[in-house]
Amino acid sequence: MFSLKGKVAVVTGAASGIGLATAKRFVVAGANVVMADIADATALAKEVGGLFIKTDVTSEGQVKALMDETARKYGRIDIVINNAGGGDGEGPNFIQYLPAKDFESSYRLNAMSVVFGIKHSVDHMVNGGSIVSTASLAGVQGAPTYGPYVASKSAVVGITRTAALELAARNIRVNCVCPGTVDTPMAYTDGGGAELKIAKLMMPLGRLCKAEEVAALFHFLCADDCSFISGQAICIDGGMTAGLSMGLVLPLLENL
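First residue of the sequence shown? That's 1 in my numbering, and the numbers climb one at a time after it.
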């Protein structure tokens, strides 16, 4: 079950975090994995058992070259994981104080990269395929002071649903995952301070998500066993979308 044996998979943002965990898992599951990242990960890819192609996902030309080179080497593409992305701009602030360029750069990094990944892979999916993108919990419920990130990740959800409808007749499934805070280097950009502690309190399960857990969800969605799942934005958030965490509620009740 859930074998990826012989599948050809492209994973962006594969040099660290969720992307690296996904590449490792896919290789173990039997896939031929092309690891793409803006950072040089040639040695890392060799260690993992994949092939590295340096790619800036904000460049449509580079994403096209990534997909074309993958198809040239392996004859087709079966799986695309549009994972590269992240925060961009001057940092957290209210929308009224943010420059337009912060929204524009975040949209290109997080949303247009997904558009490019879909656009330039589908003609290489000769046997159908699965495209899964990394959205965010912030893309489905908002996050104060993170307007550019929220807007761009919300767009990923919309792009996913639209592409799923457009590509269904070609047997190409399109989904996205919406993680809460994941225990990766990106989560520690503030030094692991107050924001990280708050994130843990907000998780009903009381901890951060592991990159390997997101990779497992990618694996599930890309396997042929899940061939009827498409157009979905699946939250992997430790229960956050279910309601308030008891870690937040109990201290409030005690102070009543």
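Think of the CB as a built atom: it goes at the ideal place given N, C-alpha and C, for glycine as much as any other residue.
Whole-Å CB distance - residue i paired with residue j, under 8 Å assumed
| i | j | result |
| --- | --- | --- |
| residue 8 | residue 76 | 6 Å |
| residue 201 | residue 238 | So it is not a contact: roughly 11 Å between Cβ atoms. |
| residue 175 | residue 232 | 5 Å |
| residue 236 | residue 177 | 6 Å |
| residue 127 | residue 74 | Going by Cβ atoms, the distance from residue 127 to residue 74 rounds to 12 Å, so no, they are not a contact pair. |
| residue 19 | residue 84 | 7 Å |
| residue 220 | residue 2 | 7 Å |
| residue 59 | residue 82 | Contact flag wrong, Cβ pair sits at about 14 Å. |
| residue 215 | residue 22 | 4 Å |
| residue 49 | residue 27 | 4 Å |
| residue 109 | residue 86 | 7 Å |
| residue 131 | residue 172 | 7 Å |
Identity of the residues DSSP links to residue i by a beta bridge
| i | result |
| --- | --- |
| residue 51 | 34 |
| residue 10 | 34, 80 |
| residue 146 | 93 |
| residue 235 | 178 |
| residue 209 | 182 |
Neighbour-count burial assignment, residue i, 16 or more Cβ in a 10 Å radius
| i | result |
| --- | --- |
| residue 139 | buried |
| residue 159 | buried |
| residue 251 | exposed |
| residue 91 | exposed |
| residue 40 | exposed |
| residue 25 | buried |
| residue 152 | buried |
| residue 243 | exposed |
| residue 72 | exposed |
| residue 162 | exposed |
| residue 94 | exposed |
Under the three-state DSSP convention, the category residue i falls into
| i | result |
| --- | --- |
| residue 175 | strand |
| residue 117 | helix |
| residue 271 | Residue 271 cannot be examined here, being either before or after the span of the chain that is shown, 1 to 256. |
| residue 135 | coil |
| residue 289 | In the structure as shown, the chain starts at 1 and stops at 256, and residue 289 therefore has no counterpart that could be examined. |
| residue 58 | coil |
| residue 103 | helix |
| residue 196 | helix |
| residue 110 | helix |
| residue 154 | helix |
| residue 204 | coil |
Test: residue i CB closer than 8 Å to a CB of chain D
| i | result |
| --- | --- |
| residue 56 | Protein chain content of the structure displayed is limited to a single chain, and chain D is not contained in it. |
Decide yes or no for the touch test of the region 154-169 against the region 207-214: beta carbon pairs closer than 8 Å, at least 3 of them.
no
Using 8 Å as the threshold, is the region 64-72 in touch with the region 109-126, meaning 3 or more CB pairs across them?
yes
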